[in-house]
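K.L.:
The numbering of the sequence shown is the UniProt record's numbering, which starts it at 1 and goes up by one.
For reference, the structure I am asking about is given below.
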Amino acid sequence: MCWTLWSRCPRRLDNVGYDICSFEQDGKERFIEVKTTKYGKLTPFFVTANELLFSERNHEQYYLYRVFNYRVSPTLFQIPGQLNNCCRLRPSIYRAYLA
């Protein structure tokens, strides 16, 4: 059964908007983005445009897994749905094209 479920996962390319493809008990795909910090639970983290867009398009299957205090006492919490519903987003980098 594990092989069957694994083989159903889309082929993973870099920058697809999630880190892990998993499955619910009913076989429905779950897309997981993992953000880790050695600091506290509310430490800001970076999100790519692909991650944000993927979370919007796949909000029913998308989960943010936040791992914090990983050096001392690793702790995990999960947030389902769109990133822009659970996070305040602020642009921090822009791509510049010469005119």
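For every residue, glycine included, the Cβ atom is placed at its ideal position computed from N, Cα and C.
#1: Count the other C-beta atoms from every protein chain shown that fall within 10 angstroms of the C-beta of residue 55, then say buried if there are 16 or more, exposed otherwise.
#2: With 16 other CB atoms within 10 Å as the buried threshold, where does residue 40 fall?
#3: Could you check where the beta strand (DSSP E) with residue 22 kicks off and where it finishes?
#4: At a cut of 8 angstroms, does the stretch 39 to 53 reach the stretch 83 to 95 through at least three beta carbon pairs?
#5: What's the call for residue 78, buried or exposed, on a 16-neighbour Cβ count within 10 Å?
#6: Helix, strand or coil for residue 54 per DSSP?
#7: Count the other CB atoms within 10 Å of the CB of residue 17; is the residue buried (16 or more) or exposed (fewer)?
P.N.:
Considering the structure as presented:
#1: buried
#2: exposed
#3: 20 to 23
#4: Yes, the stretch 39 to 53 touches the stretch 83 to 95.
#5: exposed
#6: helix
#7: buried
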